[in-house]
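Student:
4 protein chains.
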Amino acid sequence: MDYQSVIARIYEEVKPYWGQGKTADYIPALASVDPRQLGISVATNDGALYAVGDTDVDFSIQSISKVFTLVMVARHLGDSLWKSVGREPSGNPFNSLVQLEYENGIPRNPFINAGALVITDRLISLYPKPKEAILEFVRGLAGNDDIYFDHSVARSERENADRNLALAHFMKSFGNIENDVETVVDVYCHQCAIGMNCTDLANAFRVFSHRGVNPFTGERILTASQTKRIGAIMATCGFYDESGDFAFRVGLPGKSGVGGGIAAYMPGKLSIAVWSPELNAYGNSVAGIEALERFTTGINSSIF
Amino acid sequence: MDYQSVIARIYEEVKPYWGQGKTADYIPALASVDPRQLGISVATNDGALYAVGDTDVDFSIQSISKVFTLVMVARHLGDSLWKSVGREPSGNPFNSLVQLEYENGIPRNPFINAGALVITDRLISLYPKPKEAILEFVRGLAGNDDIYFDHSVARSERENADRNLALAHFMKSFGNIENDVETVVDVYCHQCAIGMNCTDLANAFRVFSHRGVNPFTGERILTASQTKRIGAIMATCGFYDESGDFAFRVGLPGKSGVGGGIAAYMPGKLSIAVWSPELNAYGNSVAGIEALERFTTGINSSIF
Amino acid sequence: MDYQSVIARIYEEVKPYWGQGKTADYIPALASVDPRQLGISVATNDGALYAVGDTDVDFSIQSISKVFTLVMVARHLGDSLWKSVGREPSGNPFNSLVQLEYENGIPRNPFINAGALVITDRLISLYPKPKEAILEFVRGLAGNDDIYFDHSVARSERENADRNLALAHFMKSFGNIENDVETVVDVYCHQCAIGMNCTDLANAFRVFSHRGVNPFTGERILTASQTKRIGAIMATCGFYDESGDFAFRVGLPGKSGVGGGIAAYMPGKLSIAVWSPELNAYGNSVAGIEALERFTTGINSSIF
Amino acid sequence: MDYQSVIARIYEEVKPYWGQGKTADYIPALASVDPRQLGISVATNDGALYAVGDTDVDFSIQSISKVFTLVMVARHLGDSLWKSVGREPSGNPFNSLVQLEYENGIPRNPFINAGALVITDRLISLYPKPKEAILEFVRGLAGNDDIYFDHSVARSERENADRNLALAHFMKSFGNIENDVETVVDVYCHQCAIGMNCTDLANAFRVFSHRGVNPFTGERILTASQTKRIGAIMATCGFYDESGDFAFRVGLPGKSGVGGGIAAYMPGKLSIAVWSPELNAYGNSVAGIEALERFTTGINSSIF
């Protein structure tokens, strides 16, 4: 498969979608990003890397970080984790607080904000220096020590964190947050503010296409079974209230972020990261989803 | 892969789960089924068939029929269908009427009852003799002309159809049902009352593992792309409010019914049907899910 | 108190509100009513009657009929009634089906549609000829045998009854409807289609201002305690999701209908009916609420 | 009317209800109150005071304080207040966060916690020393300068304030909290911790039965119209999700608190305070509601 020409063609086809979405506007640091950027990086399991467009521009990975913290916690806690957070799609756009109330403070899955806050809370209980641990872990997966916290983004997130503070206090009222709420939200704001580029992200997702092994170090991060299971959560819950649509159109496990990034993978074959800052109404990258749909059509392959 | 010994072992391992669930009790015809039955049939893409247990006992396929009617309608209506019914997981156990109200009569997906009623309604608009058409279609997929409507089940369903009548009238009040409500519910009660056995069902799901082609006749029923997309809906929405958990534990696209049947498939490889009447709290077969989890673990393969 | 001049002044003050609402448009029979009409009738406990404007024009009382059927059922069933229907405000505009689902088919109160259908269902169980009984009862309260069912309105309601059919089937699935759903909805459509005028309505509400006694006949319809209690339900639930606002602005127990009528009363003092067809977003008469607010301000009296 | 003998009889009749509820247990300071206490104080508009039982024992007024802060804010802000908080009953026990989410951070009414936090927030904007202002205001209404903040209760509330912090942060995320969340919740915890006795409370509610005038000082606190309107909110929203039932059974505007107190009044006639610590499932005093139902029956008077 000539991946380079596939993604090069897709890059040209998808550029016309610029202007159809808008960048995240809830914090200035994200709103001010140049919207007309697009990068596509593909990392195949034979070690090759293909890239086109703005693949060396760092961006804020935002919710994609939820996958990394989930891995960090799941490998330590095992199945006991699933008593504190579910693994079902959340189902409706109003879910966050509503569902928490009906379901006694147990978030539906680790990729909605409430669930990610529980994961970060448990990570804080596990790691004495949680922020450092997260950064080190992501650097290790991506094989790049230059990955960093964008502190201006983190600060901006923290100043606009009322909704996340509400979620964390609410869950704490149900006994489902162990640590201090301010600390949990602070760490969470930092993980969302991780800056890295498309190629870093495709590399970091190799651990999934390699069924749990970090190919750079040979270290087994997750068992094959754990990898499959986290993949299943990505496939059913990775794209907010557009997860079903993403499965329908693209058919890969993956995760998006409001910074415009999307990371996905084909088990045993390849990982792929796409970045373009303009979002659709669900908070997913317009050009990113278009590119991924064309990619699985172009290589005639999906998990389905 | 020695599928026969894999499923024979699973059959023995799963039998001890008898007694942990209970048969559907909302209609007498289902409540009176002998609960201690278990059948597993596997149909591989090379044409082989493996079976163990009660695989020649007919049962009521119930919601599994929703897959067949979806195929019948989707191949005719194409993308326009998705204006009337979504393809997102429904998210919570109270969803049916609640979500319909919030979302103006558009059901979340074709596998919740509301969505299936819309599909059946459109099928009635497409086929002059809808019941006959459904039966003929399922017989053709399964390669078995003995498949039938269990009229006592259908009648019993019809007598206990208040919830479905409520759903259909509610959607009609939003303009999302085209035909007479009584007719829609009558056809729906019949499709749920289709009687067939595990082996029939594994055979009928070959169309999915064969990426849209009926291997018995060579007829293309769906395009490869349509097949992938219907598979994605099964993977995200096929198991009521346990869909995420099924993806997590089993990792195959599939569909369950309250008759105790589950049909699933591995794209390009095989289809599998499991039947055991006792259900868990979500309405899915206890032994069926256990068997499928062991199957994907046993053959070390899932879509993830 | 010179009631005649009070309501004459209010009539002039409120006429400028014409044009700020719109007539109910879900059935042609209501949509076609001349919107620029306004009638105000006051019946004081000393037997006097004051009227201004279009008080002799018959209109469709719609939901105001729910008060009359409640009285008919409550006097027979006593407290056992409150196991099947609550007496709490419903709280949100989406409540009907949502709350029924969360609360197992028990409607919040007898003045939301679901609750009124339960009341009508019980009335059918109590009276062999329910439609005739309702008409006779209302005629007796109002002291006017010319009150009638507007059959064209009833037919039109019946043809647009999908939402009410959904509610009734849904409650029947919870076991909270005793009779045939079609029959219940048919009777309900007739009670809503009662045609009477403002003066009839003010007269019919004398039973409440007279604390349970029909002053025309001297017959005790309700005990004083039952009267207080039904008044309490009117005060907290009588105006859909605007009940709190009506209490805040007007401060009288009462009931509105989408035909544009409102009936209310001051215990021990007077009853009042106002009619003007244009409705606000909550389904209450714009001019009617304005008139009643001015009335309680003008006579410097409310229940608060 | 011989109020003294009425309440003396009620006191004896209601004591047998001890043991049917339980004291609030979410903070130790409330859980440890001796449950078997009951006080009833009646203050008539001619200046008389009647008392029976434990009417000189101080208790924590909790949510009854919401009435006092509402008065403090409403008299300054007028109708503009109702853009930030509604005046409709909240409708369901899960309402707090659910409804806030559906209704964009505007609480349903000032007596649910969310609404009371908005009121306290505005009070902080209006008064430089909000805690002192609240205490001074309540002392002035009750004519008793010994009324105090129970600091151990306030501290205990503050330590268990996660739910209220969640509400306040959530509303702040919608822009409906002006001040620092911690400050708002701190003041709120103090107002709930006001310690006063039944007689103080009956005296403090004289301002309502006197239609807005503080009879001790002659000062007009609210206009007659404002008084009626705040009374309407008490009547429709004063008893959490039991407000309709309270109107049905008792028929007086009033407000309850989880400390076991209830204050109510009959416009132009009297105010009444009842206190007994054991609560029913809705958080209202079991003996308190029984006593008030018997009181309005005994004196044959309610607002309805």
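Protein chains in written order, with our numbering: chain A, 1281 to 1584; chain B, 1281 to 1584; chain C, 1281 to 1584; chain D, 1281 to 1584. All C-beta atoms, glycine included, are put in the ideal place defined by N, C-alpha and C.
(1) Whole angstroms are fine: how far does the CA of Gly-1455 (chain D) sit from the CA of Arg-1443 (chain A)?
(2) Which of the three DSSP states, helix, strand or coil, is assigned to Tyr-1283 (chain A)?
(3) Which partner residues does Gly-1333 (chain A) have in the DSSP bridge list?
(4) Measure how close the beta-carbons of Ser-1405 (chain C) and Glu-1462 (chain C) come, nearest whole angstrom, since I'm counting them as under 8 Å.
(5) Using the three-state DSSP reduction, which class does Thr-1544 (chain C) fall into: helix, strand or coil?
(6) How should Glu-1558 (chain B) be labelled, buried or exposed, when 16 other C-beta atoms within 10 angstroms of its C-beta is the threshold for buried?
(7) Taking 8 Å as the cut-off, decide whether the C-beta atoms of Pro-1533 (chain A) and Phe-1519 (chain B) are in contact.
(8) Under the assumption that Thr-1497 (chain A) contacts Gly-1420 (chain A) (Cβ atoms under 8 Å), give the Cβ distance between them as a whole number of angstroms.
(9) For Tyr-1291 (chain A), which of A:Ala-1567, A:Gly-1358, A:Tyr-1306, A:Gly-1492 has the nearest alpha-carbon?
(10) Would you verify that the beta carbon of His-1449 (chain C) is, or is not, closer than 8 Å to some beta carbon of chain B?
(11) Whose C-beta lies closer than 7 Å to the C-beta of Pro-1390 (chain D) among residues of the same chain, with five residues either side of it excluded?
(12) Step through the CB atoms of chain C and report whether any lies within less than 8 Å of the CB of Asp-1442 (chain B).
(13) Using a Cβ distance threshold of 8 Å, determine whether the stretch 1522-1542 of chain D contacts the stretch 1489-1506 of chain D, with at least three qualifying pairs required.
(14) Can you grab the Cα-Cα spacing for the pair Lys-1363 (chain A) / Thr-1335 (chain B), in whole Å?
(15) So Ile-1404 (chain A) is in the beta strand (DSSP E); what residue range does that whole segment cover?
(16) Along the stretch 1513-1533 of chain A, where does the CB come closer than 7 Å to a CB of chain B? Name the residues.
(17) Cβ closer than 8 Å: which chain D residues qualify as neighbours of Phe-1584 (chain C)?
(18) For Gly-1475 (chain D), which residues in chain C fall below 8 Å Cβ to Cβ?
(19) So which of B:Leu-1447, B:Gly-1333, B:Gly-1301 has the shortest CA-CA distance to Gly-1319 (chain B)?
(20) Relative to the C-alpha of Val-1418 (chain C), which candidate in C:Ser-1432, C:Lys-1452, C:Arg-1486, C:Ile-1392 has its C-alpha closest?
(21) What are the start and end residues of the beta strand (DSSP E) that includes Gly-1534 (chain B)?
(22) Can you list the residues of chain A that Asn-1389 (chain B) reaches, using a CB-CB cut of under 8 Å?
(23) Is the CB-CB distance between Ile-1474 (chain B) and Ile-1341 (chain B) below 8 Å?
(24) Just tell me which of C:Arg-1491, C:Gln-1506, C:Asn-1494 has its CA closest to the CA of Val-1353 (chain C).
(25) Would you grab the beta carbon distance between His-1449 (chain A) and Leu-1380 (chain D) for me? Rounded to a whole angstrom, and I think it's under 8 Å.
(26) Which same chain residues end up closer than 7 Å to Gly-1492 (chain A) when comparing Cβ atoms and leaving out the 5 residues on each side of it in sequence?
(27) Can you name the start and end residues of the beta strand (DSSP E) that Leu-1550 (chain D) belongs to?
(28) Would a C-beta distance cut-off of 8 Å place Tyr-1330 (chain A) and Tyr-1297 (chain A) closer than the cut-off?
(29) Helix, strand or coil: how does DSSP classify Ile-1579 (chain A) here?
(30) Helix, strand or coil, according to DSSP, for Lys-1508 (chain B) in the structure here?
(31) Tell whether a beta-carbon distance below 8 Å holds between Val-1286 (chain B) and Ile-1579 (chain B).
(32) State yes or no: is the beta carbon of Ala-1571 (chain A) nearer than 8 Å to at least one beta carbon in chain B?
(33) Anyone know if the C-beta pair for Pro-1315 (chain D) and Gly-1524 (chain C) falls short of 8 Å?
(34) Listing by chain order, which chain C residues have their CB less than 8 Å from the CB of Leu-1357 (chain B)?
(35) Is it buried or exposed, Met-1281 (chain D), if we count other Cβ atoms within 10 angstroms and call 16 or more buried?
(36) Tell me the DSSP bridge mates of Met-1476 (chain C)?
Tutor: Working from what's here:
(1) Note on geometry: alpha-carbon atoms of Arg-1443 (chain A) and Gly-1455 (chain D) lie some 11 Å from one another.
(2) Judged by DSSP in its simplified three-state form, Tyr-1283 (chain A) adopts helix.
(3) DSSP output for Gly-1333 (chain A) lists A:Gly-1319 as bridge partner(s).
(4) Separation of the CB atoms of Ser-1405 (chain C) and Glu-1462 (chain C) is rounded to 15 Å, and the pair is thereby denied contact status at 8 Å.
(5) Rather than Thr, the amino acid found at residue 1544 (chain C) in this sequence is Ala. Under the three-state reduction of DSSP, Ala-1544 (chain C) is assigned to strand.
(6) It is buried - the Cβ of Glu-1558 (chain B) has at least 16 other Cβ atoms within 10 Å.
(7) No.
(8) Right, their Cβ atoms sit about 7 Å apart.
(9) For the residues A:Ala-1567, A:Gly-1358, A:Tyr-1306, A:Gly-1492, the minimum Cα distance to Tyr-1291 (chain A) belongs to A:Ala-1567.
(10) Taking CB atoms only, His-1449 (chain C) has a neighbour in chain B less than 8 Å away.
(11) For Pro-1390 (chain D), where only same-chain residues beyond five positions count, the Cβ hits under 7 Å are Lys-1346, Leu-1350, Val-1365, Ala-1396, Ile-1399, Ile-1513.
(12) Answer yes: the Cβ-Cβ gap between Asp-1442 (chain B) and chain C drops below 8 Å somewhere.
(13) As far as the Cβ criterion goes, the stretch 1522-1542 of chain D does not touch the stretch 1489-1506 of chain D, which means the pair count is below three.
(14) In a straight line, the C-alpha of Lys-1363 (chain A) is about 36 Å away from that of Thr-1335 (chain B).
(15) Taken as a continuous stretch (DSSP letters only), Ile-1404 (chain A) belongs to no beta strand (DSSP E), being part of the alpha helix (DSSP H) at 1393-1406.
(16) Within the stretch 1513-1533 of chain A, contact with chain B at the beta-carbon level (separation under 7 Å) is assigned to Ile-1513, Ala-1515, Thr-1516, Cys-1517, Asp-1521, Ser-1523, Gly-1524, Asp-1525, Ala-1527, Phe-1528, Gly-1531, Pro-1533.
(17) Those within 8 Å of Phe-1584 (chain C) in chain D are Thr-1507, Lys-1508, Arg-1509, Gly-1511, Ala-1512, Ala-1515, Pro-1533, Pro-1547, Ile-1583.
(18) Within 8 Å Cβ-Cβ: nothing; Gly-1475 (chain D) doesn't reach chain C, min ~29 Å.
(19) Checking every option, the nearest Cα to that of Gly-1319 (chain B) belongs to B:Gly-1333.
(20) The residue from C:Ser-1432, C:Lys-1452, C:Arg-1486, C:Ile-1392 with its alpha-carbon nearest to that of Val-1418 (chain C) is C:Arg-1486.
(21) Taken as a continuous stretch (DSSP letters only), the beta strand (DSSP E) holding Gly-1534 (chain B) covers 1534-1536.
(22) Within chain A, the residues near Asn-1389 (chain B) are Gly-1524.
(23) For Ile-1474 (chain B) and Ile-1341 (chain B), yes; Cβs fall inside 8 Å.
(24) Checking every option, the nearest Cα to that of Val-1353 (chain C) belongs to C:Gln-1506.
(25) The pair is not a contact, with the Cβ atoms about 14 Å apart (cut-off 8 Å).
(26) For Gly-1492 (chain A), where only same-chain residues beyond five positions count, the Cβ hits under 7 Å are Arg-1500, Ile-1501, Leu-1502, Thr-1503, Ala-1504, Gln-1506, Thr-1507.
(27) Element bounds for Leu-1550 (chain D): 1550-1555.
(28) At the C-beta level, Tyr-1330 (chain A) and Tyr-1297 (chain A) stay beyond 8 Å of one another.
(29) Coil, per DSSP.
(30) Here Lys-1508 (chain B) carries a helix assignment [DSSP, helix/strand/coil].
(31) Against a cut-off of 8 Å, the Cβ pair of Ile-1579 (chain B) and Val-1286 (chain B) comes out as a contact.
(32) Output row for Ala-1571 (chain A): interface = no.
(33) Not closer than 8 Å, so no.
(34) Correct list: empty, because the minimum Cβ distance to chain C is about 23 Å.
(35) Per the 10 Å Cβ criterion, exposed.
(36) In the DSSP output, where bridge partners are listed per residue, Met-1476 (chain C) has C:Phe-1339.
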